[in-house]
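Report on the structure given below.
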Amino acid sequence: MRVRCLECREWATLKGRCPVHHKAYENGRARQSHRKRREAVARGHNAAAIMRKAIRKAGQCACARCGLIFLASAIDVDHAVPLALGGEDVASNVQPLCKACHKAKTREDFGHKTLPF
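Residues 3 to 119 (this note's numbering) make up the sequence shown, in order.
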């Protein structure tokens, strides 16, 4: 059965989109960041996972932003430059943050004046 493109009225050939819109979709920032993340997970040695394991093993960690020491369950591993904004999952781009600092940094990274969640 032939279907029309999700974006225009041309015939869809690639995952519900015509060739022009499929190329634009695949080159979009969200798709690229998801692709990077999947590739890092497939390699099995992403920096965020390694840091999470180290924090769990230690049982506690200091927040990189406020400097206070928290139990491992109260620490989030954050990417200094978010994957969605072109950051990479490498050791130099991950940092431990407490939950409050992580929410504040996420709000700043994406330009929200109030909490997005």
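By construction, the Cβ of each residue, glycine as well, lies at the ideal position given by its N, Cα and C atoms.
Per DSSP, the unbroken alpha helix (DSSP H) holding D111 starts and ends at K101 to D111. Contact between M53 and V79 holds, since their C-beta atoms are separated by about 5 angstroms, short of 8 angstroms. Taking the CA atoms as reference points, H114 sits about 15 angstroms from C103.
A direct Cα-to-Cα measurement between R109 and I77 gives close to 17 angstroms. Non-local beta-carbon contacts of Y27 in its own chain, meaning distances under 7 angstroms to residues more than five positions away in sequence, involve R19 and R33 in chain order. Around the beta carbon of I57, 16 or more other beta carbons lie within 10 angstroms, which makes this residue buried. Here C100 is buried, its C-beta having at least 16 other C-beta atoms within 10 Å. The residue from H81, L85, C65 and A51 with its alpha-carbon nearest to that of K38 is L85.
With a threshold of 16 other beta carbon atoms within 10 Å, N48 meets it and is buried. Inside the stretch 14-70, DSSP marks whole alpha helix (DSSP H) runs of 4 or more residues at positions 21-28, 31-45 and 49-60, from first to last along the chain.
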